[in-house]
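Residue numbers (our numbering), protein chains in the order written: chain A, 1 to 248; chain B, 1001 to 1248. To start, the structure itself, in structure tokens.
There are 2 protein chains.
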Amino acid sequence: MRSNRRRYEDGCAAAHALDLIGERWALLVVRELALGPRRFTDLRAGLPTISPNVLAQRLDELEAAAIVRRRRLPPPAAARVYELTEWGAELEPILRDLGRWAARSPTLGGGRPMSTASVILSLRTMFDPAAAGDFAARVALVFDGEIHLAVVAGGRLAVGPVATAPTVDARLAGDRDAFAAVVYGGRPLDAALADGLLALAGDRAVVDRFVRLFPLPAPAPAADVDRDSPLPPAAVPPGPTRPTCETL
Amino acid sequence: MRSNRRRYEDGCAAAHALDLIGERWALLVVRELALGPRRFTDLRAGLPTISPNVLAQRLDELEAAAIVRRRRLPPPAAARVYELTEWGAELEPILRDLGRWAARSPTLGGGRPMSTASVILSLRTMFDPAAAGDFAARVALVFDGEIHLAVVAGGRLAVGPVATAPTVDARLAGDRDAFAAVVYGGRPLDAALADGLLALAGDRAVVDRFVRLFPLPAPAPAADVDRDSPLPPAAVPPGPTRPTCETL
DNA sequence: CAGAATCCCCACCGATACTG
DNA sequence: CAGTATCGGTGGGGATTCTG
């Protein structure tokens, strides 16, 4: 049954990549695993609308492709967890590039819920060194009790989960989506604090600065309404050939 | 009908990217357009197993997403062509990264046919500056009568279609897959020339060197046969947290 | 030749129920 | 908690046909 899996019979390596992670949900499972091992139920929580049978099938396929490894934790936490292999973890930059590209989509709509992994990875994706300058800070983000440490220094950002509460300049806890609305939706921090969706401890000025380090890029032009425009915005020589060697 | 398109209701930008280019065949259509405008029939030739209705639907969706633009060529070539928008063309680096990642797949199998676009893009993907050193050359690759010029200089490669025959050090014409077998399959050039699948003109030594500029990386470890390995190769602290801030 | 329309079929997906 | 079983819906594969 597994043998008649639908495949592109194409020698292109990118097509093979789609054979491995092109099925529905596959890349989002990778996203959910990007910050560390997760249990089956954790994955369901991060992907609220996936069916359990589909998730199980994707995990089987990703394991067969050597992207995901299945592991049983030693007692007493006798749980089964899934984690990325070293090679599978190399998909994270691609995931970031996809996110950075799609952030310019003219059809991107905001306001939809994000998983914790999405929020943390989006910070890695959208961090702007120019916006950071020589700003330096340590900020803790707490969502669903999970602590994530963000360290900004030297125009770089490192952010990810930590096991124990670190010493920080500020700590922001509460609702992921409220946090995303402040960082990406331009919602005032005061508003999120006022309705109790976020709670702040420590240096307020640091947080005010921190949430502005992740600017959204300007969207690309939307699709033209009238199709078959005889002349494109920039004149292009007719025909299927376009020299691309002008870079040398 | 088009309104209930299946979508991830997920605020993550990468999920939105998959809403746009995650459907089956979508990214391969982008691949076929990466080297310039193509007609419907050209696309079918590069994607031999796609159904025409599916291709038409993907083109509609990609156009609605502002990734593809539809254009009617002026007479006398009264043909309709599809081309990437500027924003759509920014998917090419992601396509390359995907190909470079998948080239390490333990389940990558060779020998399947590649479209012309795949072959040319694969050269951009797998070009190794270290292998090139200070080698410099101009090589023409002719597949199905389409001329592609590859220029190697200063540890860089530029390759793409050209309209008219350029002055080159060497010229290789014939079968795409035979060319791929020489570059990626380690097949001796002599064998391909002997079959008549490839024809060489100009400096043979240049071609011998050129085809070695695109080394395949070593594959990643395959999936472990015994699942639930209690201890992974490298000991990992149990639990869903893994600090990732050690880079600072 | 370009591409839209139609048919059938099946694999996949989604949802719910169920079980060790 | 970690999946499996089942069933209905749908989108894709493939073939064919039609039209400009």
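Note that CB positions come from ideal geometry on N, CA and C, so glycine has one too.
- The continuous stretches of alpha helix (DSSP H) do not include B:V1168, and DSSP gives it neither H nor E.
- Among the residues of the region 1185-1211 of chain B, none has a Cβ less than 9 Å away from any Cβ of chain A.
- When C-alpha distances from A:G111 are compared across B:V1142, B:C1012, B:P1217, the shortest belongs to B:C1012.
- Proximity of chain B to A:R44 at the Cβ level (cut-off 8 Å) is not reached, the minimal Cβ distance being about 14 Å.
- Listed by position along chain A, the residues whose Cβ is nearer than 9 Å to that of B:E1009 are P48, T49, R112, P113.
- Rounded to the nearest angstrom, the gap between the Cα atoms of B:G1155 and B:A1131 is 8 Å.
- Chain-order list of chain B residues neighbouring A:G99: C1012, A1013, A1014, A1015, H1016, A1017, by C-beta distance under 9 Å.
- In this structure, DSSP gives B:E1009 a state outside helix and strand, which the three-state scheme calls coil.
- Between the region 127-146 of chain A and the region 214-225 of chain A, the count of C-beta pairs closer than 8 Å reaches three or more; the two stretches touch.
- From the beta-carbon of A:R104, the residues of chain B found nearer than 7 Å are W1087.
- Under the three-state reduction of DSSP, A:Y184 is assigned to helix.
- Proximity of chain B to A:R31 at the Cβ level (cut-off 9 Å) is accounted for by C1012, A1014, A1015, in chain order.
- Per the DSSP secondary-structure output, B:F1143 pairs in a beta bridge with B:E1146, B:G1174.
- Scanning the region 1061-1106 of chain B from its first residue to its last, the whole alpha helix (DSSP H) runs of 4-plus residues come out as 1086-1089, 1092-1102.
- Residue burial is scored here from C-beta neighbours: A:R71 has at least 16 other C-beta atoms within 10 angstroms and is therefore classed as buried.
- For B:L1059, no chain A residue has a C-beta closer than 7 Å to its own C-beta; the minimum C-beta separation is roughly 11 Å.
- Closer than 8 Å at the C-beta level to chain A, one finds these residues of the region 1124-1137 of chain B: T1125.
- Listed along chain A are W101, R104, A220, each with a C-beta nearer than 9 Å to that of B:E1090.
- Selection A:V119, A:S105, A:A137 evaluated against A:P219 yields A:S105 as nearest (Cα-Cα).
- Non-local beta-carbon contacts of A:R24 in its own chain, meaning distances under 7 Å to residues more than five positions away in sequence, are absent.
- Look at A:L33 here: in three-state DSSP terms it is helix.
- Taking the CA atoms as reference points, A:F143 sits about 35 Å from B:P1221.
- DSSP places B:L1157 inside the beta strand (DSSP E), whose first and last residues are 1156-1161.
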